[in-house]
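Anchor point for the sequence shown: position 141 equals 370 in my numbering, and the numbering is continuous, going up by one each time.
Just so it is clear, CB atoms sit at the ideal spot from N, CA and C, and this is done for glycine as well.
Quick caveat, the model's predicted, so the values are computed rather than measured.
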Amino acid sequence: MSKKIAIYYGTMTGNAESLAQSTHEKVQAEGWDATLHNLADVKPDDLPKNAANAIFVVSTWGDGEPPADAEDFFAELSAASVNLSNMRHAVFGLGDSNYEQFNAFAKNLDARLSELGSTAVADVAAADVVFEQDYADWEPKVLALLAS
Ligand SMILES: Cc1cc2nc3c(=O)[nH]c(=O)nc-3n(C[C@H](O)[C@H](O)[C@H](O)COP(=O)(O)O)c2cc1C
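Listed below in structure tokens is the structure:
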């Protein structure tokens with residue numbers, strides 16, 4: 230049976246979406262049973278149903294806030310009591326170190342997923358404005374951990 234993975238993104242100007250899309254295409258080509266989700270369309274209860282393995286690619290906006298499209302999702306996740314103990318996840322954050330709340334949403338999301346029982350397979354990646362190489366290094370490492 231092929232390995233299942235859900236790839237989630239939260240974006241304002243498309244950076245997180247394009248990285249998530251490229252990972253989705255890559256894992257599909259490698260034979261994973263993979264789905265791609267904008268967090269705007271996700272409810273906390275969907276997480277354990279979609280797949281036990283999850284990748285989140287999210288940016289941070291405002292003063293350490295989620296991108297507007299992911300605000301409802303994160304508010305609901307913060308209040309949710311959903312059990313994520315069957316899940317493993319990894320979070321890649323896009324941010325800008327000129328902001329005091331550098332990658333705060335990625336860090337808060339990772340912390341909340343762990344609080345709800347999901348296992349982080351890697352520390353949160355907190356990428357700065359030049360993120361392409363960081364992502365290229367992070368992606369195969371995390372996919373290997375999730376595949377094992
Ligand atoms: C108005 C504005 C506010 C931002 N606030 C933060 C912030 O609080 N923390 C952070 O790490 N990055 C912040 N950023 C940087 C974005 O997260 C970064 O540009 C990211 O690559 C955007 O990715 P996206 O296109 O997926 O939304 C901000 C950028 C803008 C333009």
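- By the C-beta criterion, the region 287–294 is judged not to be in contact with the region 254–261, since fewer than 3 inter-stretch pairs fall below 8 Å.
- Scanning its chain for C-beta atoms nearer than 7 Å, with the 5 sequence neighbours on each side dropped, one finds around residue 325 the residues 357, 358, in chain order.
- The region 343–354 and the region 314–321 touch, with no fewer than 3 CB-CB distances between them shorter than 8 Å.
- For the options 278, 296, 268, the alpha carbon positioned closest to that of residue 241 is the one of 296.
- About 31 Å separates the beta carbons of residue 232 and residue 333, which is beyond the 8 Å limit, so they are not a contact pair.
- Rounded to the nearest angstrom, the gap between the Cα atoms of residue 344 and residue 300 is 19 Å.
- In this structure, residue 238 places its C-beta atom within 8 Å of the C-beta atom of residue 267.
- When the Cα atoms are used, residue 339 and residue 262 turn out to be separated by approximately 23 Å.
- Among the bridge pairs identified by DSSP, residue 288 is matched with 323.
- CA-to-CA, the gap between residue 235 and residue 349 works out to about 14 Å.
- Residue burial annotation: residue 312 is exposed, with fewer than 16 other C-beta atoms found within 10 angstroms of its C-beta.
- Of the candidates 285, 329, 264, 315, 285 places its Cα closest to the Cα of residue 368.
- Residue pairing for residue 239: DSSP places it in a beta bridge opposite 287.
- Remark: the shortest separation between the CB of residue 312 and any heavy atom of ligand 1 does not fall under 7 Å.
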